[in-house]
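S.K.:
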Amino acid sequence: MTSGPGERPGPDRLPDPAARSPEGDGVTVSYEVRHGPPTAEPPGPAATRPKGTPPMADETTGPVTPSPKLLTPDDHALMLIDHESQMGFAVASHPMEVVLNNVTGLAKTAVLFGVPAIVTTVMERHFSGPLFRGVREAFPDTSGWIDRTTMNAWEDPRVRDRYLATGRRKLVLAGLWTEVCVVAPALCALDEGHQVYVVTDACGGVSAEAHERAVQRLVQAGAQPLTWLQYLLELQRDWARSETASAVGDLARAHGGTYGLGAEYIYQMLAWDRADQAAR
């Protein structure tokens, strides 16, 4: 005999772990009648927990596999597009000093984690002017910038080929302007089957609406937006990774805004505490 819809099991009914609700949510809805003491232990919490509910601590066994959607230093390339003076003059979606700070932090992050980077400019000596200093310091001109005439960097075979030569299937983009020089190559890369991530706070548009519509269009096409600080911490992911942990802290303090302020506070407090203990 089975319980009817909405009927709760009595003491003589035990859950049948093989039964599932019609909705497929993993909730037990059918019960077998038992007469006398049960012959088996009732199912544990994992058998009756609704599908999609996180496991309890005592149910978790073995290592956890991170989502493949998370970026790692060895699964993607970074493309920085047209972070140049003339392009920056027209940016109105963000304060330009914020974009300067963020793209500098982004570029330094790629260098720290050894991420291959493609730096490209548009008509550098004839219209757009020099790269921002923070990008130049992270990637000096000896690293092989690609100067183009095309607004869509993907249409310059040198840019596309440089990215394909990395062998990576994930592409992280940032550039000026979002609505032109970021949207175009991002859509092209998506159409060719690459996974695209856009560091939106290291981009800028000629208006807030231009930037927002560009990001919205990219998300609808399948790109994933993130911020430069999110990128930094996603690559670090574990403070036990001591080979980069200290440098990540330094980057956060230098370019991480209020997060960096908090990091500076705790660094200094710990330093004073160590000095006080040494003086005793």
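Residue numbers for the sequence shown follow our numbering, so the first one is 1 and each next one is one higher. Glycine included, each C-beta is placed from N, C-alpha and C at the ideal position. The model shown is predicted, which means the values in this text are computed figures rather than measured ones.
(1) Taking the beta strand (DSSP E) that lysine 69 falls in, what are its first and last residues?
(2) Suppose you measure from the CA of alanine 210 to the CA of aspartate 250; what does that come to, to the nearest Å?
(3) Along the chain, where does the beta strand (DSSP E) that runs through methionine 123 open and close?
(4) Which residues does DSSP pair with valine 199 in a beta bridge?
(5) Mind checking whether glutamine 236 and threonine 227 have CB atoms under 8 Å apart?
(6) Please identify the residue among Asn102, Arg125, Trp154 whose C-alpha is closest to the C-alpha of isoleucine 118.
(7) Buried or exposed, going by whether 16 or more other CB atoms sit within 10 Å of the CB of alanine 221?
(8) Could you spell out where the beta strand (DSSP E) holding glycine 175 opens and where it closes?
(9) As a quick exercise: from Asp201, Ala263, Glu192, pick the residue whose alpha carbon is nearest that of methionine 92.
(10) Looking at the secondary structure, which residues open and close the alpha helix (DSSP H) in which alanine 77 lies?
(11) Among the candidates Ile146, Gly260, His255, whose CA atom is the shortest distance from the CA of glycine 105?
(12) Between which two residues does the alpha helix (DSSP H) harbouring arginine 148 extend?
(13) Given that a residue counts as buried once 16 or more other Cβ atoms are within 10 Å of its Cβ, and exposed if not, what is tryptophan 177?
(14) Mind checking whether leucine 285 and methionine 79 have CB atoms under 8 Å apart?
(15) Should glutamate 179 be labelled buried (16 or more other beta-carbon atoms within 10 Å of its own) or exposed?
M.R.: Reading off the structure:
(1) One-based indexing of the sequence shown puts residue 69 at position 69. Lysine 69 -> no beta strand (DSSP E), and no H or E assigned at all.
(2) On the sequence shown, residue 210 is found 210 positions in, with the first residue counted as 1. On the sequence shown, residue 250 is found 250 positions in, with the first residue counted as 1. When rounded, the distance between both Cα atoms is 33 Å.
(3) Here residue 123 refers to the residue found at position 123 when the sequence shown is read from its first residue. Where methionine 123 is concerned, there is no enclosing beta strand (DSSP E), given that its DSSP letter is neither H nor E.
(4) By 1-based counting over the sequence shown, the position of residue 199 is 199. Beta-bridge pairing links valine 199 to Leu226.
(5) Position 236 of the sequence shown holds residue 236. Position 227 of the sequence shown holds residue 227. Not a contact, by the Cβ cut-off of 8 Å.
(6) If you number the sequence shown from 1, residue 118 lands on position 118. Of Asn102, Arg125, Trp154, the residue nearest in Cα terms is Trp154.
(7) Counting from 1 along the sequence shown, the entry for residue 221 is found at position 221. By the neighbour-count rule (16 or more Cβ atoms within 10 Å), alanine 221 is not buried but exposed.
(8) The residue given as residue 175 occupies position 175 in the sequence shown. Note, glycine 175: beta strand (DSSP E), 170–175.
(9) On the sequence shown, residue 92 is found 92 positions in, with the first residue counted as 1. Residue identity check: residue 92 is alanine in the sequence provided, not methionine. That would be Asp201, whose Cα lies nearest to the Cα of alanine 92.
(10) Mapped onto the sequence shown, residue 77 falls at position 77. Counting along the chain, alanine 77 falls outside any alpha helix (DSSP H), though it belongs to the beta strand (DSSP E) covering 76–81.
(11) Your numbering for residue 105 matches position 105 in the sequence shown. Minimum Cα distance to glycine 105 is reached at His255.
(12) Residue mapping note: residue 148 aligns to position 148 of the sequence shown, counting from 1. It is not in any alpha helix (DSSP H) - arginine 148 instead sits in the beta strand (DSSP E) that spans 146–148.
(13) Counting from one through the sequence shown, the residue named residue 177 turns up at place 177. Buried.
(14) The first residue shown for the chain is 1 and the last is 280, placing residue 285 beyond what the model contains.
(15) Sequence index remark: in the sequence shown, residue 179 carries index 179 (1-based). By the neighbour-count rule (16 or more Cβ atoms within 10 Å), glutamate 179 is buried.
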